[in-house]
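Each position in the sequence shown, counted from 1, maps to that position plus 1 in the working numbering.
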Amino acid sequence: MSNSAESVQMEEVRLRAQSLLSSSGSAQDVKAEVLTLASIALPVSEKYLHLTAEEMLRENTVGRHKLEVLESLSRLVKALSILEKYGCNLTSPTRPRYWRSVKHNNPVFRTTVDAIKGGRRVLFLYGYTNQQIDGLSFPDEVTEPDCNKVAAVTLEVMTLRTEVDMLVKGIHPHPECFEDIIPCLIQPKKTSDDSVVNLLGDLGEKPPTSTPLAKPIPLPRQTQFPKAPKGELFTPVNKPPPVVSECNLCGGSSSLVCPSCENKPFCDACDDLYHRHPSRASHKRDKIQKAPQETCSICGISSVHIECSTCIQRLCLNCDRLFHSHPERRGHSRTNLSATATSSASLSTWECAHCTTMNETRAVLCTTCDRPRLATPAITVQDGTGSGPTSQNTEWECKSCTVVNQGSSILCEVCERPRLATRPPVLPAPEFGSKWTCHFCTFVNSKPSAVCEMCSLPSKDSPRASGSHSLQQPPSFTKEPPELGGTPQPKPRATLDHRRQKMMRDDGLALIHQIKEAEKRGVSPEEVYAALSMCGSSSVNPCDWLTSELPHLLDEICAMAASVQANYRVGGSRIQHSVERDGAPPELNTGDGDTKLSRAEAKLAWLAAGGDKDKAVRQLLRDRQVKMRELQSLGFQDVSQCEEALRQSGGDIKGALSLLQRPLMEPFHQRIWLDQPEPPINPKHPDKQRMCRRLLALYDLPSWGRCELALSLLQEPEINYSLEDVVQAVKESHDREFIRRLLNTECPVCLGIFPRSKMQSLTSCQCSVCHECFRQHFTIAVRDKHIRDMVCPACCEPDINDPEQLDSYFSTLDIQLRDCLEPEVYELFHKKLTEHALMKDPKFLWCCHCTSGFINDGNQLKVTCPSCRKSFCAQCKKPWEPQHQDVSCEQFQLWKRENDPEYQRQGLAGYLRDNGITCPQCKFQYALTKGGCMHFTCSQCRHQFCSGCNNPYYKTECKVPQCKCSGLHAHHPRDCLFYLRDWDADRLQALLQRGGVDFNTDPSNDSQTETCGVMEQKDEGGQQADSPCGVQTQPGQAGLCMKHYREYLVSLINDHMLDPALLYDERELLIACERYLMDSKKGEGEDDNAYHARLKKALMEVPLGEKVPRNK
């Protein structure tokens, strides 16, 4: 590249635009840079570094005329715009899903990029270098496109597209750069006369006048100025512009004159084309005066071309076409007043007086404000009643029928005349009072009637009115004597019209009768019309002719068509030339045999030709050629097989495809009916297309791209997943990285790697475990553990103390365990689940002798277990004794303390056992002490609670407001054993003495032992067992250890509802107030004693624990 200023500017703009395009991928971001590159005056070879622009332009410039070259360049612009989109998609940060391949069967690609030469070379520069059967693609080893190279190529594609588009529109600033490449489009400057000739040649027209080559083209007669007298100078500049009637190029009505072009006149269309050239774009043109001419009665702008004798109006071509398109006015008789072509004034525009929008002449309403063409900002009513401005929505009165219409309507609702139409003239009196012309079919009716004799439609004007009008004003028929020796007068025009109308009526009625008769015999109207063209002059019935003669005619048409093809192969014939003239392509057949045509195809061609045999032959060959091309585009290249299939199917494409595909499907049919199993899909098979088709057929994958993705994943090294796992993952997503994560999921229990499809999750958490761990965990939980132990093996969710969450959890867990557990284990799960549901029944009881439960429907205290047949009390759950009969549980316990020697021998240990732990949820009683760990778990319902206050334990966040604890915790009241077990025995005894409660310090005579005999639950070898405490006793503790003696004292405090806040010191008061979220701030100047008294009083107002066991 040279070092000129243009080259330096080119390189700077190119680098800046390439950087923008490679980062954003948007064509709008580099639009200004592309226009700058296209406007730089450099040769094509220096401007384009990657594209072979000269070769591409020469290959795609087809045609000898300018119009053909422009059409081929327009196709090139469309193809370059599609290639530009391919490049922008590759450089975009968010590339499309299927950016790696370009399919040839894409209709947009086939009609644009594949329709030009050099399109695939551009795709090769983008990186689509791998040739596939159905298109192009990136190589498998390429994971990302080269954005810098793609941006550089795309920038040149955009620049070339912009330059070619400017050449087509004629606005390129430097067309001389393409003078050697497109010589027929870019021509050197010539004189004005030569330019006129070239312009006419480019438009495909001839000059209006033929002049000798030696003489220059003279100006029209109207443009030659008169000669000045002798001695005077003639200055035409001071005179008004002359009146010119003909355009210097097209011969139409001229509207402009160009002084720079020797005062040549032009119409608007020719002026726009002629002065579009850069050398003439700066010419100043003057408007010329036009002779007044009659304008259309509707639009008021265009000249009159049509006169309608029915509605008495003179219209232009556009208004006539619009006004007479109504069904009621379609049959009006109209006369063409202009034999010449329409002038170029129809190509001019008009400016709306309301919104100043430039509209086409053919438009009756403004495209912006929908106002009529002749509307003004203030329309004046000319009816003499006053004037004033009217808007678009103002009602208007029709000047013909005086009906008031809505302001938005253009035509009158009654007479359908335009809004600005004037009042129609009064119709002259008819020559014959009884005759009238139908407004629908223009038939002249000779008798007054309400309907037309031809079309049976009602007349627009009442015949009675016409009759009365003729009676009121009778025509005068004064017969004058003929002159002697005069010439004979011709017959009046009315007689000829009447005869023509009668012939039309008779022919129409006969045709309608024949069509009705043919429909009864199953013959279509098209067949009747075509048959009449063959036997119309004879008396043969068309239906009979179709039955007897049509088959022979169809065979003749088929033979003539075959002869045309045979003559073409030999060297051509007269019929062949006629076929070519009618538009049939020259390549009629490439086979060696005769053309095989069917009667069905010949009949369709004969009907399309309207019964003309020669046209039917040409139509038959054209239809067959189109069908053969369609079959060849689908991959069937054997001409003889295609012709035979079309003959057997009667020309039906679908039927021919079925016949052609049947031999191809025969191996597949033979294979699917064999008893041998299908071979497994081999990802490393060399035929990749076949493997993809098998994946589509067997696994119902959504697209071809998903099949290719599955095969590529299976071909990766060191894989340990099966084909089914990969297919399942590919169905869920098309992202390769996401699929890899799905196929490599770690089990949190066994730490193995499994696909996500082989993992199982619970609805209570987000954990996923493998099927084997899931099955083993719940099998062990069902067999050896409680129903509430069936939680997630990874995170131990959900919280079993939440009854609502527990019920929904078990409902979904039942569905998951149905397929993974063995039948006997699943049956045991259902049994435990049933027992868990029964425990919620208030009549459900647990046996105190065994572990069975049952529902007690009776009201007696004594109940008998159906399993062990032993009795117990339904209220206190103690073994039944005869002394309990007709005695309450409290009275029975008091009697037992006073009279039972065994109970007295146990002393306070028996008291603590009888006042043991009772589950607040299932009411199961345990003869155990509350000392030790206060976190108790019921063995029956797995409810976790505090044995001192019966409040539940929470593993996670609880439902108590303003609770900030997230671990294992319970909310204990201040009189719970959880807090009072830390007090000394003397302090507890002081609280009892203050409350006036007696307590024991010495053991009974029979219960004196050296060790504590209170039963408690101990963990021995991983099992929970009940055994005596065994701790050494001390004097003054009533034969109990210190731990159980404190428990005894706390039970007395709870039984008598004594508040331990009476003995709180300052630190305990502040801790308790903080626990109950009370305001413990000391007031200003407040005494310590008063402050402590105030806190103690506020604390004692808070009630004690509601669930604390209290035995009276």
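Positions of the beta carbon are idealized from the N, C-alpha and C atoms, including for glycine.
In the three-state DSSP reduction, glutamine 777 falls in the helix class (H, G or I). Excluding the 5 residues flanking it on each side, methionine 535 has same chain C-beta neighbours closer than 6 angstroms at Gly612, in chain order.
Separation of the CB atoms of phenylalanine 946 and tyrosine 954 is rounded to 6 angstroms, and the pair is thereby assigned contact status at 8 angstroms. Rounded to whole angstroms, the separation of the alpha carbons of proline 824 and phenylalanine 775 is 16 angstroms. Going by C-alpha positions, threonine 865 is about 37 angstroms away from threonine 813.
The alpha-carbon separation between lysine 863 and cysteine 920 amounts to approximately 21 angstroms. Judged by DSSP secondary structure, serine 868 falls outside any beta strand (DSSP E); it is assigned neither H nor E. For asparagine 337, there is no enclosing alpha helix (DSSP H); the enclosing beta strand (DSSP E) has its first and last residue at 335 to 337. In this chain, the alpha helix (DSSP H) harbouring glutamate 602 covers 600 to 609.
Take the alpha-carbon of aspartate 1088 and the one of glutamate 1102: they are about 21 angstroms apart. For glycine 996, the enclosing alpha helix (DSSP H) has its first and last residue at 986 to 996.
For leucine 74, the three-state secondary structure derived from DSSP is helix. Residue pairing from DSSP places glutamine 314 in a beta bridge opposite Cys309. Within the region 25 to 102, the alpha helix (DSSP H) runs of at least 4 residues that lie entirely inside it are, in chain order, 32 to 40, 45 to 48, 54 to 60 and 67 to 92. Under DSSP, valine 452 takes part in a beta bridge, and its partners are Pro459. Under the criterion of beta carbons closer than 8 angstroms, alanine 562 and valine 524 do not qualify as touching, at roughly 25 angstroms. When secondary structure is reduced to three states using DSSP, glutamate 557 falls in the helix class. About 5 angstroms separates the beta carbon of leucine 318 from that of histidine 306, a gap short enough to meet the 8 angstroms contact definition. Annotation for serine 769: the continuous beta strand (DSSP E) segment containing it runs 769 to 771.
Residue environment for tyrosine 1077: exposed (fewer than 16 other C-beta atoms within 10 angstroms of its C-beta). Looking at Leu555, Ala601 and Ser599, the one whose alpha-carbon comes closest to that of aspartate 615 is Leu555. A straight-line Cα-Cα distance of about 11 angstroms links proline 843 and phenylalanine 855. Residue pairing by DSSP places aspartate 287 opposite Val258 in a beta bridge. Going by DSSP, methionine 760 is part of the beta strand (DSSP E) stretching over 760 to 762. The beta carbon of leucine 834 is closer than 7 angstroms to those of Ile788 and Phe811 in its chain, skipping five residues each way along the sequence.
Between serine 765 and cysteine 793 the beta-carbon gap is near 6 angstroms, inside 8 angstroms, which marks them as a contact. When DSSP states are grouped into helix, strand and coil, serine 549 belongs to the helix group. Beyond the five residues adjoining it in sequence on each side, arginine 506 comes within less than 7 angstroms, by CB distance, of Phe444, Glu454 and Met455 in the same chain, given in chain order. The region 704 to 773 contains, as complete alpha helix (DSSP H) runs of 4+ residues, the segments 705 to 715, 724 to 733 and 737 to 744 (chain order). In the DSSP assignment, leucine 137 falls within the unbroken beta strand (DSSP E) covering 136 to 138. Counting C-beta atoms within 10 angstroms of its own C-beta, valine 123 has 16 or more neighbours from the protein chains shown and is therefore classed as buried. A direct Cα-to-Cα measurement between isoleucine 313 and cysteine 271 gives close to 35 angstroms. In this structure the region 955 to 968 does not lie against the region 986 to 1004, because fewer than three pairs of beta carbons, one per stretch, are closer than 8 angstroms. In the structure shown, threonine 296 falls within a strand segment according to DSSP collapsed to helix, strand and coil.
CA-to-CA, the gap between alanine 33 and aspartate 166 works out to about 16 angstroms.
Listed in chain order, the non-local C-beta contacts of glutamine 649 below 7 angstroms within the same chain comprise Leu660, local neighbours out to five positions each way being set aside.
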